[in-house]
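Going line by line, the protein sequences match chains D and H. Residue numbers for the first sequence follow our numbering, beginning at 807 and rising by one. Residue numbers for the second sequence follow our numbering, beginning at 807 and rising by one.
Protein chains: 2
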Amino acid sequence: MSEAPSASPAAEEPSFRVPAGEIAGRLARLQEAMQAAGLEAVFLVQTVDRFYFSGTAQDAFLFVPAEGPPLLFVRRFAPRAREESPLAEILPIESVRRIPVLLKERLGRLPARLGLELDVLPVNDFRFWRGLLEPRECPDASPLLLRLRGRKSAWEIARLEETAEMSARTFAHMREILAPGLTEMEFASRAEAYARGLGHAGLLRVRGFNALGYPGHVLSGPNGGRPGMLDAPASGSGTSCAFPAGAGPRRLRPREPILVDFGSVKNGYHLDEARMFAIGGLPPEEHSACRAAILIHDRLIAAARPGVTAGALFEEALRLAGEMGLAEAFLGPPGHKVRFVGHGIGLELVEPPFLARGHKTPLEEGMVFALEPKLVFEGRFAAGVESVFVVTAAGGRLISRVPVDVFLC
Amino acid sequence: MSEAPSASPAAEEPSFRVPAGEIAGRLARLQEAMQAAGLEAVFLVQTVDRFYFSGTAQDAFLFVPAEGPPLLFVRRFAPRAREESPLAEILPIESVRRIPVLLKERLGRLPARLGLELDVLPVNDFRFWRGLLEPRECPDASPLLLRLRGRKSAWEIARLEETAEMSARTFAHMREILAPGLTEMEFASRAEAYARGLGHAGLLRVRGFNALGYPGHVLSGPNGGRPGMLDAPASGSGTSCAFPAGAGPRRLRPREPILVDFGSVKNGYHLDEARMFAIGGLPPEEHSACRAAILIHDRLIAAARPGVTAGALFEEALRLAGEMGLAEAFLGPPGHKVRFVGHGIGLELVEPPFLARGHKTPLEEGMVFALEPKLVFEGRFAAGVESVFVVTAAGGRLISRVPVDVFLC
């Protein structure tokens, strides 16, 4: 079976499909893991998990037994689900109350031990499904699902590289449009509009129910030195106290560090990248902080070999920052530091594993990370860099195609 | 106490604040409702609910007892929470494990009957908080919170009118930039970028864990006739099967109906509006469908008086569509119709009450709705209109300022 091509720029109809072989491999690994965990079935409600195992994001519910074919119950809209998904069993339903009826018809009975996505499923939804499907036990299936999603296939790496290509063009465009007097919001939104023209879906997928998925996080000068609501080294001003994070109304000025952290998504696959920009050069301290972040970035990627633990990479980042006398600013100002220097990324902007203190997960080939060493000088500025890389036998290999540099425009 | 002004266009720092009197009134109504419901306290985790009752969206947890001052526990970032919120008791915490300790210190004991947001709180979070705060009972507080949020104050109506002003300028800009050959994505993203320059926060808030909050839903010609994953009369093509809704790569053509459904948010307050556009006129059937949607829109707004039920307005919409011979296309093609003709709106894009079949909620003064009569001709096109109005003693009054018309550009 050949790989589904991406839509050409001239196509007026989205033609991207997840190949049948990808879905079959994912389901085989899921069923193997379910059997090892003693799960009789999983019932997937969250869009991204469903998309990963079915190839469609239509309004549907995916039932995967530990053995035998999965069943996709489609509420809206079965003809599109059939075009998009290679699954054999796609069953339109007018009401979710049909699901237990159809399951009993097919399987003879309802499963006793049914995995659900307990990290995202709201309590009321959980109670509804438990009442309808009557399992004896409902263990949390999410850790298992996310572990499988963490290791990307060659096909997925190729998709991430397509997103990286779109993102590299977007960062190149940013260098052309950066100008003093633009507000952070104007700069961010022009970059976003450009990316949308190249196929950016406009909305980043985040798993946490309070998390925010906006693309352009632009923090200029002192806005880079502001902690806030985000679990990030700096939050910026945002547009109002109702949305107090990211780009705000401050105007860009010459000779100040501008942190541009930009999230991209194409065909469902995300990149998360940051570069420093400046108009007309930077003072020495600011410039040297930018270079220091790049040094940590480069060293960590080289060290990201299979078997190294996520926690060991984190400690190495701290050691390097300390060696350069930058421990105080590293990962946030004192008292407000984040506890990770990178995170997994793929169909969601932030996925496990985290490159974080004490995390014992060993890196594996095919794991993909967004690595983001950042320095925050409170009230003054931020300096940092973020790229996406894949773990290979020879160490990390950059998926990001944006030049690893400080952009002095 | 005077009203907090919005940031002037020249301000480089967001200055919007929720006035102390607003917060005090909301909390008084909440505590009255809690006493009536026998709730000892509520513990608010979701950002929007917390923002409504505290004035800040920092990373925090809001504890409101049935009597006495609320406590805001702030994880990140207390100095900003203190600037933004008029609450007296703002307590920074380094770990959430401090919360029960501080509650016992202040109240003598932990509450036995603690309301939580069970419609959004994921199972794992719920179990964590239940283990930490040890209530005997955890009823769902969300219906009560959402009922209070449903009736807007004069101050909130004024904020919605500011968003409406921004949105009217955005729709005027769309009329200038509409051109054949642009893709739906390009057109949507240019409109979004323009709105961002005026203070649009870029991201719409939606409550459902699988719901999507993207601003520009542009469906041209046959893309308006495509059902899909959305609980909407039409879903469009989207950018790929990973994101199969909204604007896609199709190019805009002359003499076809273009449905532009655009969500706006400023200072936390949303508008949701739709207008029909066409380049160089429309054929008679298409044009007449657009006018029919406007007729239903105008009649329903006039009929939206206090005491009329949400269900009665819905039935009136069906009756009008039937009278014009348009029942088959109304609210979606046969077999794929949505069950509502409008929804509440405010700090979230979609809020209860719904203008839906059988809903007995009587309209009250100050309730704000997005009304969206739409006609979908499967495989051919959509025609519709959407505006936001507030219920007054004299009937609905438009908050939307976009001319109620078909834009032939």
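Glycine included, C-beta positions come from ideal geometry on N, C-alpha and C.
Proximity test, Cβ basis, 7 Å: residue i and chain D
i	result
G1054 of chain H	yes
P1033 of chain H	yes
S1046 of chain H	yes
E962 of chain H	no
M980 of chain H	no
N1029 of chain H	no
G1150 of chain H	no
A894 of chain H	no
Y1020 of chain H	yes
R912 of chain H	no
D925 of chain H	yes
G1008 of chain H	yes
S1043 of chain H	yes
R886 of chain H	yes
A999 of chain H	yes
Whole-angstrom distance between residue j and residue i, CA atom to CA atom
i	j	result
T1198 of chain D	A1127 of chain D	25 Å
Y1000 of chain D	C1096 of chain D	26 Å
P906 of chain H	L938 of chain H	7 Å
S1041 of chain D	H1103 of chain D	21 Å
A974 of chain H	E940 of chain D	50 Å
A1048 of chain D	L845 of chain D	42 Å
L1004 of chain D	P1033 of chain H	25 Å
L878 of chain H	F869 of chain H	6 Å
F1213 of chain H	A1189 of chain H	12 Å
E971 of chain H	R1011 of chain H	19 Å
L922 of chain D	P949 of chain H	25 Å
G914 of chain H	Y858 of chain H	27 Å
R823 of chain H	G831 of chain H	15 Å
I983 of chain H	A843 of chain H	53 Å
P1063 of chain H	G1030 of chain H	8 Å
M980 of chain D	G1172 of chain D	30 Å
F1195 of chain D	L1065 of chain H	40 Å
P1216 of chain D	F977 of chain D	With chain D running from 807 to 1215 in the structure shown, residue 1216 of chain D is simply not present.
R1111 of chain H	P1089 of chain H	36 Å
Cβ of residue i within 7 Å of any chain H Cβ
i	result
G1069 of chain D	no
P1063 of chain D	no
P928 of chain D	yes
E992 of chain D	yes
Q864 of chain D	yes
E890 of chain D	yes
P820 of chain D	yes
R996 of chain D	yes
R1203 of chain D	no
Pair within 7 Å by beta-carbon distance, residue i and residue j
i	j	result
V1156 of chain D	V929 of chain H	no
R835 of chain H	L954 of chain H	yes
G1138 of chain H	L1177 of chain H	no
A1099 of chain H	L1018 of chain H	no
L1161 of chain D	F1146 of chain D	yes
V1174 of chain D	K958 of chain D	yes
C944 of chain H	R933 of chain H	no
A785 of chain D	P898 of chain D	There is simply no residue 785 of chain D to check, as chain D begins at 807 and stops at 1215 in what is shown.
Y1075 of chain H	R965 of chain H	yes
A866 of chain H	V880 of chain H	yes
Close-in-space but distant-in-sequence residues of the same chain around residue i (CB under 6 Å, 5 per side omitted)
i	result
E890 of chain D	G861 and T862
P1159 of chain H	A1116, G1150 and T1167
Q758 of chain H	Past the edges of chain H, shown from 807 to 1215, lies residue 758 of chain H, and the structure says nothing about it.
L850 of chain H	R856 and L868
G1086 of chain D	P1060 and R1061
K1143 of chain H	L1137
L988 of chain D	L1058
Inter-residue CB distance, residue i and residue j (contact presumed, cutoff 8 Å)
i	j	result
A985 of chain H	G1022 of chain H	With a Cβ gap of about 16 Å, A985 of chain H and G1022 of chain H do not count as contacting.
G1202 of chain H	A1108 of chain H	7 Å
R1013 of chain H	E828 of chain H	The Cβ separation is near 21 Å, so there is no contact.
D946 of chain H	L920 of chain H	The pair is not a contact, with the Cβ atoms about 11 Å apart (cut-off 8 Å).
V1024 of chain H	A1053 of chain H	4 Å
Beta-carbon contacts of residue i that lie in its chain and below 8 Å, excluding the five residues immediately before and after
i	result
F1015 of chain H	V926 and P928
Any non-hydrogen atom of the ligand PLP within 6 Å of residue i CB
i	result
L878 of chain H	Among the components modelled here there is no ligand, and therefore nothing to report on the ligand PLP.
Residues near residue i by beta carbon distance below 7 Å, same chain, minus five either side
i	result
R1207 of chain H	A970, E971 and A974
G956 of chain H	G1150, E1157, P1158, P1159 and M1173
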